[in-house]
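Heads up, the thing below is written out as structure tokens.
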Amino acid sequence: MRFGFVTLFPDLVRACFGTSVLGRAVERGLISVEVADPRDFAYDRHRTVDDTPYGGGPGMLMKVEPLALALASLEPTEGSAVVATDPAGHPFTQEVACELSRFEHVVFACGRYEGFDERFVRRHATHRLSIGDYILTGGELPALVMADAVGRLVPGVLGDPGSLEQDSHSGDGLLGPPNYTRPPEYEGLAVPEVLLSGDHKAIAEWRRQESLKSTRTRRPDLLTRVRLEKGDSNRLSS
Ligand code: JCE
1 MRFGFVTLFP DLVRACFGTS VLGRAVERGL ISVEVADPRD FAYDRHRTVD DTPYGGGPGM
61 LMKVEPLALA LASLEPTEGS AVVATDPAGH PFTQEVACEL SRFEHVVFAC GRYEGFDERF
121 VRRHATHRLS IGDYILTGGE LPALVMADAV GRLVPGVLGD PGSLEQDSHS GDGLLGPPNY
181 TRPPEYEGLA VPEVLLSGDH KAIAEWRRQE SLKSTRTRRP DLLTRVRLEK GDSNRLSS
């Protein structure tokens, strides 16, 4: 998988791929990262990348031509996804991460100031996505969040592919159960006995019940969309 970033802060983006799981994936050739800075494609004397909005209003917008030239330098094709980060975009979810992971080339256009000249997004973006209902100072962190979520879906990036199915927000659509590792007691808090029992059927039953209950408490919005299994309504009422 090839990731591209159009960004005024190339060092910020590169730093995130120099370490950890994604850094290792780059070293192993599973993903590659290319960065283009619109400032390098601004050809006026002051290398201007921003301008005031038509119609008035506060702040500045990113000019369309330097963005378009920076994007073109990353050589997107018909088969590339071009994602514009935008607090007014569609919600980025695990489902969208899966969709993006099916592209061989994903380019993120990271906004700054008050955002893009709309014509850049209309002409060049295939997706306009938001990572949540809050305003950040720019699109780099959202783009890196999305690249992290997509990158870990690339075959081989995670050591244990089984951890993909266990994720909260994938598979069954419920939140995951609580997890414990050693020691068996910490500051008076014991690990639930069933997890030490070796009874795999009882453990699976306990995890299902905990998943259902924490989803109902913390994310009741998710429960309306999941297909409940046989026995789940009993698990929720006990
Ligand atoms: C961005 C800004 C709009 C005022 C480009 C913020 C996405 N989920 C998200 N939160 N924030 C963003 C995001 C993405 C791109 C840009 N800004 C700042 N946006 C109104 C300020 C500029």
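Sequential numbering of the sequence shown, starting at 1, is according to the working numbering. Each residue gets a CB set at the ideal place from its N, CA and C atoms; glycine is no exception. Note that the structure is a prediction, hence the values are computed from the model and not measured.
Item, Value
"Reduced DSSP category for residue 130 - H, G, I as helix; E, B as strand; rest coil", "strand"
"Straight-line gap, residue 174 to residue 209 (C-alpha atoms, nearest Å)", "11 angstroms"
"At least 3 beta-carbon pairs within less than 8 angstroms: the segment 51-68 vs the segment 107-125", "yes"
"beta-carbon residue 85 near the ligand JCE non-hydrogen atom, thresh 7 angstroms", "yes"
"Endpoints, the beta strand (DSSP E) within which residue 32 is located", "32-36"
"Any non-hydrogen atom of the ligand JCE closer than 7 angstroms to residue 113 Cβ", "yes"
"For residue 173, the three-state DSSP class (helix, strand or coil)", "coil"
"Exposure label - residue 117; buried when at least 16 CB within 10 Å", "buried"
"Three-state secondary structure (DSSP) of residue 146", "helix"
"Beta-carbon contacts of residue 94 that lie in its chain and below 8 angstroms, excluding the five residues immediately before and after", "149, 167, 169 and 170"
"Distance, residue 18 Cα to residue 43 Cα", "31 angstroms"
"Contact test: residue 203 Cβ vs the ligand JCE heavy atom, cutoff 7 angstroms", "no"
"Check: residue 137 C-beta below 7 angstroms from any heavy atom of the ligand JCE", "yes"
"Counterpart residues of residue 241 in DSSP-defined beta bridges", "This structure cannot speak to residue 241, because the chain is shown only from 1 to 238."
"N-terminal and C-terminal residue of the beta strand (DSSP E) that residue 87 is part of", "81-91"
"Endpoints, alpha helix (DSSP H) assigned at residue 120", "118-124"
"Backbone secondary structure at residue 202 - three-state DSSP", "helix"
"contact_flag[the segment 25-43, the segment 131-140] where n(CB pairs < 8 angstroms) is 3 or more", "no"
"Distance between beta carbons of residue 154 and residue 101, contact taken as under 8 angstroms", "6 angstroms"
"Residue 121 to residue 3 span [Cα, whole Å]", "18 angstroms"
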